[in-house]
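Enquirer: Below you will find the structure I want to go over with you.
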Ligand SMILES: [Zn+2]
Ligand SMILES: [Zn+2]
């Protein structure tokens, strides 16, 4: 089968590799749609601690069951399916404490390689995080399950409503998904970024106001009558922006730190602001099987229009060009159609 392999930073090659054979409990999925993601881009640009090189790339997918291993009861060959690329072990100290997104093994047992004709899904994922794709959504929309689950994980516990003003910092694919989900919950959403093209996309997707990063402070103060945003979602992974967040949030408000910074980064906060104004700073990582189910329902019920985040379709061979475009900030998400 053909598969895109990330050889080293900046170099993706389409190679011919053996088509995997599913063992007991596993499924081989013929990939019908796979999406590019900020994590793939980070790996392409500078390497990534959790994406081995050289190695297969891509983790957002939807497809059709091509072959099944012994003992798989819930799926049949030919079923359209959508899934994520990880699942918890259900046995470690964190899984037992009800924190399966922090499972000690969730990253070491994940699968990569959706930028290929087929992807092998291991048993623990088949059992917990794979679903039959409903007919009313396309494979391209179904492939949003993983990034949406990440966003659900940070936003779902907050109980956003129509009284809330939400500020999203960073209008990349993840920031825009935050915008769509917060809007679906009825919140008024403001978006800040440094690139005009991205701000135009945010506006098109329903942001009430958009601001250039440097002007955000004043604009948010005016918009909220000096109170500040109820919730701030940091989606840039830039330490300077992490630090700015406390300047935008209201007293008693919550900041969700979604964008991961480079390893070893440290940030500084004004303790008075955090303490006397009761600011909650919340780190978020990955998702739980419950978040995946919530994301599945949101997609199946067409609660959010993820299709608007797709820039263009492409083939496996186009990937080097697509990543070059993404690294220049062109486009949001590309959908790879491997067959
Ligand atoms: Zn992703
Ligand atoms: Zn675990």
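Numbering (our numbering), first residue to last: 18 to 356.
Ideal placement from N, C-alpha and C gives every residue a C-beta, glycine not left out.
Computed from a predicted model, the values in this text were never measured in an experiment.
1) Alpha carbon to alpha carbon, how far is residue 130 from residue 115?
2) Measuring straight from C-alpha to C-alpha, what distance separates residue 28 and residue 240?
3) What does the alpha-carbon distance come out to for the pair residue 340 and residue 51?
4) Taking 8 Å as the threshold (C-beta atoms), are residue 121 and residue 111 in contact?
5) Under a Cβ-count criterion, where at least 16 other Cβ atoms within 10 Å of its own Cβ denotes burial, should residue 364 be classed as buried or exposed?
6) Please look up how many angstroms separate the CB atoms of residue 296 and residue 272, rounded, as I've assumed it's under 8 Å.
7) Looking at C-alpha atoms only, which residue of 268, 247, 288, 280 is the closest neighbour of residue 260?
8) Let me make sure I understand the geometry here. Which of 198, 160, 24, 356 has the alpha-carbon closest to that of residue 176?
9) Do residue 270 and residue 248 have their C-beta atoms closer together than 8 Å?
10) Count the C-beta pairs between the segment 84-100 and the segment 24-44 that are closer than 8 Å, then say yes if the count reaches three, no if not.
11) Beta carbon of residue 164: closer than 7 Å to some heavy atom of ligand 1?
12) Just the residues with CB closer than 7 Å to a heavy atom of ligand 2, in chain order, which are they?
13) Sorry if obvious, but does the Cβ on residue 231 come closer than 7 Å to a heavy atom of ligand 1?
14) Out of 69, 25, 137, 108, state which residue places its alpha-carbon closest to the alpha-carbon of residue 48.
15) Output yes if chain E places a C-beta closer than 8 Å to the C-beta of residue 111; else output no.
16) What did DSSP end up calling residue 172 once you bin it into helix, strand or coil?
17) Could you tell me the boundaries of the alpha helix (DSSP H) in which residue 293 lies?
18) Between residue 305 and ligand 1, is there a pair consisting of the residue's CB and a ligand heavy atom that are separated by less than 7 Å?
19) Report yes if the C-beta distance between residue 164 and residue 77 is below 8 Å; otherwise report no.
20) In whole angstroms, what is the alpha-carbon distance linking residue 97 and residue 279?
21) Shortest alpha-carbon distance to residue 192 belongs to which of 211, 336, 242?
22) Could you tell me the distance, in whole angstroms, from the CA atom of residue 99 to the CA atom of residue 161?
23) Name the residue from 332, 214, 202 whose alpha carbon lies nearest to the alpha carbon of residue 321.
24) Ordered along the chain, which non-local residues of its own chain (more than five positions away) have a Cβ less than 6 Å from that of residue 215?
25) Does any heavy atom of ligand 1 sit closer than 7 Å to the C-beta of residue 328?
26) Under 7 Å: does the beta carbon of residue 141 sit that close to some heavy atom of ligand 1?
27) Quick one: grab the DSSP three-state call for residue 36.
28) Just mark residue 282 as buried or exposed, buried being the case when its beta carbon has 16 or more other beta carbons within 10 Å.
Expert: Based on what the coordinates show:
1) Position 113 of the chain shown, counting from 1, holds the residue named residue 130. Position 98 of the chain shown, counting from 1, holds the residue named residue 115. Using only the alpha carbons, I get a separation of about 29 Å.
2) As a working note, residue 28 is residue 11 in the chain shown. As a working note, residue 240 is residue 223 in the chain shown. Rounded to whole angstroms, residue 28 to residue 240 spans 45 Å at the Cα level.
3) Taking the chain shown and counting its residues from 1, the one referred to as residue 340 is at position 323. Taking the chain shown and counting its residues from 1, the one referred to as residue 51 is at position 34. Cα-Cα distance, rounded: 14 Å.
4) In the chain shown, counting from the first residue as 1, residue 111 sits at position 94. In the chain shown, counting from the first residue as 1, residue 121 sits at position 104. Yes, the Cβ-Cβ distance between residue 111 and residue 121 is below 8 Å.
5) Because residue 364 is not part of the residues shown, which for the chain are 18 to 356, the question remains open.
6) To locate residue 296, count along the chain shown from 1; it is residue 279. To locate residue 272, count along the chain shown from 1; it is residue 255. Confirmed, Cβ separation roughly 7 Å.
7) For the purposes of this step, residue 260 is taken as the residue at position 243 of the chain shown. For the residues 268, 247, 288, 280, the minimum Cα distance to residue 260 belongs to 288.
8) Your numbering for residue 176 matches position 159 in the chain shown. When each option's Cα is compared against that of residue 176, the closest is 198.
9) Within the chain shown, numbered from 1, the residue matching residue 270 stands at position 253. Within the chain shown, numbered from 1, the residue matching residue 248 stands at position 231. For residue 270 and residue 248, yes; Cβs fall inside 8 Å.
10) The segment 84-100, when compared against the segment 24-44, does touch it at the 8 Å Cβ threshold.
11) Taking the chain shown and counting its residues from 1, one reaches residue 164 at position 147. Yes; taking the cut-off as 7 Å, the Cβ of residue 164 has a heavy atom of ligand 1 nearer than that.
12) In chain order, the hits are 105, 106, 107, 108, 109, 111, 112, 117, 120, 121, 122, 123.
13) Position 214 of the chain shown, counting from 1, holds the residue named residue 231. Residue 231: no, Cβ never under 7 Å from ligand 1.
14) As a working mapping, residue 48 is identified with position 31 in the chain shown. The option with the nearest alpha carbon to residue 48 is 137.
15) In summary, chain E is missing from the structure at hand, where a single protein chain is found.
16) Position 155 of the chain shown, counting from 1, holds the residue named residue 172. Helix.
17) Looking up residue 293 in the chain shown gives position 276. 288-293 is the extent of the alpha helix (DSSP H) around residue 293.
18) Here residue 305 refers to the residue found at position 288 when the chain shown is read from its first residue. Every heavy atom of ligand 1 is 7 Å or more from the Cβ of residue 305, so no.
19) Translated into positions along the chain shown, residue 164 becomes position 147. Translated into positions along the chain shown, residue 77 becomes position 60. In contact: residue 164 and residue 77 (Cβ atoms closer than 8 Å).
20) As a position in the chain shown, residue 97 is number 80, starting the count at 1. As a position in the chain shown, residue 279 is number 262, starting the count at 1. Cα to Cα, residue 97 sits roughly 37 Å from residue 279.
21) Counting from one through the chain shown, the residue named residue 192 turns up at place 175. Nearest C-alpha to residue 192: 211.
22) In the chain shown, residue 99 corresponds to position 82, counting from 1. In the chain shown, residue 161 corresponds to position 144, counting from 1. Using only the alpha carbons, I get a separation of about 9 Å.
23) Within the chain shown, the letter at position 304 stands for residue 321. Among 332, 214, 202, the Cα nearest to that of residue 321 is on 202.
24) Taking the chain shown and counting its residues from 1, the one referred to as residue 215 is at position 198. If we look at residue 215 and ignore the five residues flanking it on each side, its Cβ neighbours are 188.
25) One-based indexing of the chain shown puts residue 328 at position 311. Checking the Cβ of residue 328 against ligand 1 gives no.
26) Looking up residue 141 in the chain shown gives position 124. Residue 141 Cβ: outside cutoff for every heavy atom of ligand 1.
27) Looking up residue 36 in the chain shown gives position 19. Looking at residue 36 - three-state DSSP - the assignment turns out to be coil, as it is neither helix nor strand.
28) To locate residue 282, count along the chain shown from 1; it is residue 265. The residue is exposed, with fewer than 16 neighbouring Cβ atoms inside 10 Å.
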